[in-house]
Amino acid sequence: MSEPSTSPSPSSGSAAPPHRYSASLANEIEPKWQAWWAERETFRQPNPGEPGFDASKPKFYCLDMFPYPSGAGLHVGHPEGYTATDILCRYKLMNGFNVLHPMGWDAFGLPAEQYAIQTGVHPAETTRSAIDNFRRQLQRFGFCYDWSREYATIDEDYYRWTQWIFLKLYDAWFDAGAKKARPIAALIEGLESGDLRVGAEGEVAYAAAGAGGIGLLAHDAPGVRRWHELNARERRAFIDDQRLAYLGEQTVNWCPKLGTALANEEVIDGRSERGGHPVVRTPLRQWMFRITAYAERLLEGLGDLDWPNSTKAMQAEWIGRSEGAEIEFVLDVEGADPAIDADVPPMLRVFTTRPDTVFGATYMVVAPEHPLVSAALAKPRPETPVDDLRAYTDAARARSDIERQEAKDKTGVFTGFYAINPATGERIPVWTSDYVLMGYGSGAIMAVPAHDQRDFEFAQAFGLAIRQVVYPSPLYPMWWVGNHTTPEELEGVGDEEGWLGVVADFMGYVTTNEFDPSLYHESFGTIINRRRRPYSDPPPEREGLAGPRTADTPMASGSRRGSVRSTWVEAIQEMKFTSAEDFCARMADPIRVVRQGEAYAEPGRAINSSNDAVDLNGLPTKLAKARAIHWLEHSGAGRRRINYRLRDWLFSRQRYWGEPFPIVFDEHGDHHAVDASKLPVALPPMDDYQPIESDTPTPLLGKATDWVRTTAGEAGVAGLDPDAPVTRETNTMPGWAGSCWYYLRYCDPKNTERLAGEDAERYWMDGGVDLYIGGAEHAVLHLLYARFWHQALHDLGAVTTPEPFTKLFHQGMITGFAYQRPDKSLVPIDEVDESGDDAFVERATGEAVTQVVAKMSKSLKNVINPDDVIAEHGADVFRLYEMYMGPLEASKPWNTRDIVGLSRFMARAWRLCVDEQTGEAVVAETADDGIERLLHKTIAKVGEDIERLSFNTAIAAMIEFVNAASKADTASGGRLTRDQADRFVRILAPFAPHAGEELWAKLDGPPPVSLAGWPEHDPAMLKADEVEVPVQIMGKVRARLMMPADADAKAMEALAMGDERVVELLAGKTVRKVVAVPGRMVNIVAN
RNA sequence: GCCGGAGUGGCGGAAUUGGCAGACGCGGCGGAUUCAAAAUCCGCUUCUGGAAACAGAGUGGGGGUUCGAGUCCCCCCUCCGGCACCA
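When you read off a place in the first sequence, starting at 1, and then add 11, the result is the number in our numbering.
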């Protein structure tokens, strides 16, 4: 293979050696090697079945979150993650992997469209030029992407398959019995054969229900109909309602400023995630994805993923699984006129996580949007305050989400209705209040003011009854111990929560020590530790991942604040015992221990909870719940139920710059799919992007009238008369659509038959994407949507793996410095002067400001442009600096001053191998043993550190090696032998690939070094014969002795005890114990 | 309030399994080289006391377990990210 020639770098200063490593040298060799790689397609990775593919190698699919190519160009944050994956990929290549490392463009999106609105330039034009700029910038970093796989989501060849996936989900339903998606055809088959029937509320009824899982509707449930009992319209409506992609009338988040509706996930604090514009709620008929059907699987699937805890927790929280019960409260309409009350629903169905507190439900609340409120307004009850109620519901509807969240005080109005509490038989009032949300559960609650803080505040505000039905669990055994002393009675209380032993110790403590309330915290710690048994809170009842959270699970909680234990400690602190007698006497009084003015929402023991059919009294909350549910199911008043916070995913946008839906509507308004063979449905050209001003959200594509009005034949709809007039769907897909499956397309980006060839998909996606690196801002949105599509596609046989991303990693944000005035306001960096040692003053005022870390922003003038940094230092130094700043996952400030350290390192490394005068390789004849050992150690360390993405320590190890080698004897002409330099350059190359290639070429290695093997290391060389061992006396290091590395504990002890200084220090003391850890240290205990 | 993280020199950070705290880099100080500067090279650089040897303190604070704790346990504080009237 030929080696590109390097001309001597132009001398910048008169004295600088001609071949010194410098920015100008870097800017010369870097583009040269980039061109070399591109020309030879060094990083082109063939697919299975293609020439050059080696099936004997293992695969490694390493994915970066592809960027949205903005007009502003690359930010320093982009190359952080990209450099990390690049180093790892190069390392894997050197270790004999087939590496898939692709890059592409997430190119549909709002910024390009907004720019088009302002300037009239077509979004495709601005996007294409932004892509060219991004590509240029990324290539300047020398990343080893397989550019032959590049594509953009706006390519028709790509979004054709995005539309295809939409149709796949459109043509599928979620079979709750099988817990997976199946084709619509299977649903129709099931209905026609009679296996499936149609429920009263449009659900699927199963023959096997009852024996099967929870929530399945049985054939014999009330109102269930057979398929043949439905007419054609009903059948169509039923089927359309079952689709994974369905048209739903929803209250949507409409953002007038952006001119589009947004998904729940895109709305934060009542404002749009992008741009922070106000969002209002308005009803709209929109395409939705039935992601809620996958709630359980999306949650369960998290357990097996190697993802950051925070991200798993956020997804779990977003899915929001709650276990509890559904309870029916019959409305008390006795004595009312049946004719008038025909429209009133017979009962209120509520969801609760605390069925054990049903005896404490003293009133009910429905959301202002609840049908019962409309019923109360239409046909008022005798007690209904009609005017107040109307005023309240009107106000609640007008209130934006922001205002709702800001309101603290509980407000509400009585509806005039009463319901019967199924546990107590009491007649309880039904109120409406906006603290109950229509979108969660059934929009109605049973209120238990004694044990729910919100209900408590509401009851206080309106003078409603409060009944305590739970006694604080931690105090319950203490209270019991205070009153019952016989072993039999203690037995009776049960100790399944593990409290009694600790209570016994605490009793011992309070009876033998003086009381000091301020020491309660410490004494608990002491007691718990003295018992030497793992202390555990009652098993978690919180929603989240399945299974107990122990220290071994990735979800283990670091914080125990707010736990039952904290409640206990707080309650005891507040009681301020003064003596042991006081303790025993007051623990006997249950009322004293409940804090005033607050609901007790923690687990405890049930009290005041029994009727003729069920008795919960004395049961711990967990058991009380189970018994309450058992009773509800038997009495028919309710059933066990799992509720999710997750809502269906709103998929329609009213914008231009997105994928069109492959859907048309016929004259009846029924929707039809465009035939898959007729895809893509191309985005029509337009030159007017102004949003349509309208009270009702109107899609922009409506302006393309020639495109919208077409015929079934023209649009490619099978099953309709080709001449039948149809109108196209004018909404477009959101930006998430393209990024939901892009990782699949990389497997086989040119395939025209499938979204990716089967062999390619099976090979690269085997076990999922091996490593996915990107920002934590996508923790919920992109990563949840992509998992949903993937799981659905897996069900439907389009992909082979159940989860897309096996290992996920978030790189931290690169921040910048800013300066803060005493009042905490920030000052741009160009308005600040340094006034001595790390002190800063604001130029305008002369006042002192302090340096703080802040997000890079235009207003703070602290944005770093990667192009500038490369011009000043070169890409290799840039890469090294970003990797050396700190742990990849940490957010770190860019400090321009620090980069020079990596420049110096590169120069030293270069000088280690190259004569700065001649530019020739300089090598020693003989190897220095110490350097050889250090090289082995460094090779091992760098390899391990790359594997665990600890690039900062890997670089530190290489710096150490270069520093040590630079100091080595130079008598033989060089510091490293050719063989040593060869090995060092190979480990340096993944980090600084251009300099790596250049040095490799100088050392006569055949390029590219990128495909040379990773050097071996000999584990025997990592061990020294003699090690320095610290000798501690009472835990303090008092001496350091050289000892044989393989000395055993006895020998070490003897050596330590024989040391002069140790003998001196031990004079007059008795040696109690000696602990010697071979190869580590010796500790002598003496007094 | 809830969930997830973090807190170590002047600064960025290291310490992988409970075993020498501060690797490595920046900055600073001193020196060599130079007419001079840059660059480069060498030495020192946690704090306190001391000329030094050395002694004491030290990983946000308080307690505990252990021969030994930055690391494990308990309590508290601060900061960052996320969620939030979710029944």
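We put the beta carbon where it would ideally sit given N, CA and C, even for glycine. Bear in mind that the values here come from a model prediction, so they are computed numbers and not experimental data.
What three-state label does DSSP hand residue i in the structure shown?
{"i": "G857", "result": "coil"}
{"i": "H683", "result": "strand"}
{"i": "F932", "result": "Contrary to the premise, residue 932 reads as Ala rather than Phe in this sequence. Here A932 sits in strand by DSSP."}
{"i": "E613", "result": "coil"}
{"i": "M1068", "result": "helix"}
{"i": "T907", "result": "helix"}
{"i": "F108", "result": "coil"}
{"i": "R478", "result": "coil"}
{"i": "D699", "result": "coil"}
{"i": "D466", "result": "helix"}
{"i": "E670", "result": "coil"}
{"i": "N654", "result": "strand"}
With a CB to CB cut of under 6 angstroms and the five nearest residues on each side skipped, what residues in its chain are close to residue i?
{"i": "W329", "result": "V791"}
{"i": "P710", "result": "Q665, T741, N742"}
{"i": "I942", "result": "A976, A979"}
{"i": "S750", "result": "D117, H793"}
Would you call residue i buried or exposed, if buried means 16 or more other Cβ atoms sit within 10 Å of its Cβ?
{"i": "R952", "result": "Per the sequence shown, the amino acid found at residue 952 is Lys instead of Arg. Buried, since its Cβ has 16 or more Cβ neighbours within 10 Å."}
{"i": "G92", "result": "buried"}
{"i": "Q928", "result": "exposed"}
{"i": "V110", "result": "buried"}
{"i": "G88", "result": "buried"}
{"i": "D600", "result": "With a pLDDT of only 47 at D600, under the threshold of 50, the placement of this residue in the model should not be trusted; the figure read from the coordinates follows. Flag for D600 reads exposed."}
{"i": "R544", "result": "Residue confidence for R544 is low, a pLDDT of 33 falling below 50, so the modelled location carries little weight; the figure read from the coordinates is stated next. R544 is exposed by the Cβ-count criterion."}
{"i": "D506", "result": "Per-residue confidence for D506 stands at a pLDDT of 49, beneath the threshold of 50, marking its modelled position as unreliable; the derived number appears in the next sentence. D506 comes out exposed."}
{"i": "A66", "result": "exposed"}
{"i": "L448", "result": "exposed"}
{"i": "H947", "result": "buried"}
{"i": "N974", "result": "exposed"}
{"i": "K636", "result": "buried"}
{"i": "P57", "result": "exposed"}
If you drop the 5 nearest sequence neighbours on each side, which residues of the same chain put their C-beta closer than 7 angstroms to that of residue i?
{"i": "P233", "result": "A211"}
{"i": "L657", "result": "I302, T303, A306, W329, I330, G331"}
{"i": "T817", "result": "L316, D317, G778, G779, V780, D781"}
{"i": "P440", "result": "Y374, F425, Y429"}
{"i": "R989", "result": "V934, L1014"}
{"i": "V692", "result": "Q174, P671, P673, V685"}
{"i": "A266", "result": "First, the residue type needs correcting, since residue 266 is Cys and not Ala in the sequence shown. Result list for C266: L273, S283, H288, V290, in chain order."}
{"i": "E1064", "result": "V1085, A1087, V1093"}
{"i": "A1060", "result": "A1087, P1089"}
Sort out for me which residues DSSP pairs residue i with in a bridge.
{"i": "E1037", "result": "P1055"}
{"i": "A163", "result": "W116"}
{"i": "A216", "result": "R208, L228"}
{"i": "L309", "result": "Answer by DSSP bridge pairing: none, since L309 is not bridged."}
{"i": "F676", "result": "H682, T738"}
{"i": "C924", "result": "Beta-bridge pairing links C924 to no other residue."}
{"i": "D75", "result": "I784"}
{"i": "Q1043", "result": "V1048, N1094"}
{"i": "Q991", "result": "None; Q991 has no bridge partner."}
{"i": "P631", "result": "R616"}
{"i": "W298", "result": "L258"}
{"i": "A1087", "result": "V1093"}
{"i": "M457", "result": "M375"}
{"i": "Y830", "result": "V838, Q862"}
Is residue i near the ligand GTP, going by C-beta to nearest heavy atom under 6 angstroms?
{"i": "R465", "result": "You won't find the ligand GTP in this model; it holds no ligand whatsoever."}
What are the uninterrupted segments assigned as beta strand (DSSP E) that are 3 or more residues long and contained completely in the region 179 to 205, given in chain order?
Correct list: 183 to 186, 191 to 194.
Continuous alpha helix (DSSP H) assignments of at least 4 residues falling wholly in the region 994 to 1031:
Segments of the alpha helix (DSSP H) lying fully in the region 994 to 1031: 1004 to 1013.
Just to confirm the assignment: which complete alpha helix (DSSP H) runs, minimum length 4, are found wholly within the region 356 to 429?
Listed in chain order, they are 382 to 389, 397 to 409, 412 to 417.
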